[in-house]
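Enquirer: Numbering (our numbering), first residue to last: 926 to 1094. The C-beta atom is built at its ideal place from N, Cα and C for all residues, glycine as well. First the structure, then my questions, so here it is.
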């Protein structure tokens, strides 16, 4: 399982002239105001990160490798896919299904047009603020997975961003 991240899209907007990659801008993940904060910038400090590449096993054998970009939304994107798989969804169905994410502070971002129409109002009635995103929103992650189903590997690339799943024929 792998989660590659350079923080913001295109990272620092600076590429290595000879090595062909973009430099990250993870300096933006540090805290700069509150010196008591655990992510305050100081020597040997490490910024927060939510990268969560995951490998799951079934009876000691690898069953699923899954990961996603998406900053604070990575964990909720992966969890929603795992829950759908556990409930019997196909791998592609689990990945492409409507997504939502609740931020600290109670803002819920969701692909509302792909969900039951009463969900945004129901969330509002419980005190959440609503952030309606486009269908297949880039903002809500891009889960990629490989699943071993009866010794046949199934790969899925999230339609929310560029990607593909290929293997030997």
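Using three-state DSSP, classify residue 1006 as helix, strand or coil.
Expert: Indexing the chain shown from 1 puts residue 1006 at position 81. Here residue 1006 sits in helix by DSSP.
Enquirer: DSSP on residue 1074, reduced to helix/strand/coil?
Expert: In the chain shown, the residue the question calls residue 1074 occupies position 149. In the structure shown, residue 1074 sits in a strand (DSSP, three-state: E or B).
Enquirer: Which residues bound the alpha helix (DSSP H) around residue 923?
Expert: Summary: the structure shown does not reach residue 923, with the chain confined to residues 926 through 1094, and so no result is reported for it.
Enquirer: By DSSP, does residue 1057 sit in helix, in strand, or in coil?
Expert: For the purposes of this step, residue 1057 is taken as the residue at position 132 of the chain shown. Residue state, collapsed to three classes: strand.
Enquirer: What do you get for residue 960, buried or exposed, if any count of 16 or more other CB atoms within 10 angstroms of its CB means buried?
Expert: Taking the chain shown and counting its residues from 1, one reaches residue 960 at position 35. With fewer than 16 other Cβ atoms within 10 Å, it is exposed.
Enquirer: Whether or not the segment 1059–1078 and the segment 989–1002 are in contact is what I'm after, with contact meaning three or more pairs of Cβ atoms, one per stretch, closer than 8 angstroms; do they touch?
Expert: They touch, by the three-pair rule.
Enquirer: Starting from residue 979, follow its DSSP beta bridges and name the residues at the other end.
Expert: Residue mapping note: residue 979 aligns to position 54 of the chain shown, counting from 1. Bridge partners of residue 979: 991.
Enquirer: Which of the three DSSP states is assigned to residue 934 in this structure?
Expert: As a working mapping, residue 934 is identified with position 9 in the chain shown. Looking at residue 934 - three-state DSSP - the assignment turns out to be coil, as it is neither helix nor strand.
Enquirer: Between residue 1084 and residue 1017, what straight-line distance do the alpha-carbon atoms span, to the nearest angstrom?
Expert: For the purposes of this step, residue 1084 is taken as residue 159 along the chain shown, with counting starting at 1. For the purposes of this step, residue 1017 is taken as residue 92 along the chain shown, with counting starting at 1. Rounded to the nearest angstrom, the two C-alpha atoms are 10 angstroms apart.
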